[in-house]
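Residue numbers (this note's numbering): -19 to 120.
Heads up, the beta-carbon is just placed ideally off N, CA and C, and yes, glycines get one too.
Small disclaimer: the values here were computed from a predicted structure and weren't measured.
Shown next, in structure tokens, is the structure this report addresses.
What follows is the structure, given as structure tokens:
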């Protein structure tokens, strides 16, 4: 399931990726103030919004899952990505770790870990205080 979702993402088929998810998925990527696509989200509609906003704000140059580790209901994926911040034109890249929870044949939770500092530098998100748009809309 997770490998199929990555393959779909690689060919730009976000609808297929969303179809792999439970309707009430919990989704979390590192929160970066001033970047509206970062932070916590809940449900497929909010995850679809993540993909839309991320695509508007950064250009994907490389996205390579390198290793898949399955343990119980978890799938951990180690990989590397490279992006360009559209507003500044600056490139950045980072290794990442994705942790999936799979329940009833669907992705029930997703969490990403990566070097946020390189994104902050590329997007020039200063100062580092305040809430992301996702946090503000969720009332955090």
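Point to revise | Which residues DSSP lists as bridging residue 64, in chain order | key: 39 and 71
Practice item. Out of 104, 72, 81 and 85, point me to the one whose CA is closest to residue 94's CA. Key: 72
Check your understanding: Once you ignore the five residues that flank residue -14 on each side, which residues in its own chain have a CB closer than 7 Å to its CB?
Key -> Taken in chain order, the residues that qualify are 45.
Practice item. Find the nearest neighbour of residue 60 within the set 43, 51, 66 and 69, judged by alpha-carbon distance. Key: 43
Practice item. Give me the Cα-Cα distance between residue -12 and residue 20, rounded to the nearest whole angstrom. Key: 22 Å
Review point. Starting from residue 17 and walking both ways along the alpha helix (DSSP H), at which residues does that stretch end?
Key: Counting along the chain, residue 17 falls outside any alpha helix (DSSP H), and DSSP gives it neither H nor E.
Review point. Do the CB positions of residue -6 and residue 80 come within less than 7 Å of each other?
Key: no
Exercise for review: State the beta-bridge partners of residue 96 as determined by DSSP.
Suggested key: Its beta-bridge partners do not exist; DSSP assigns none.
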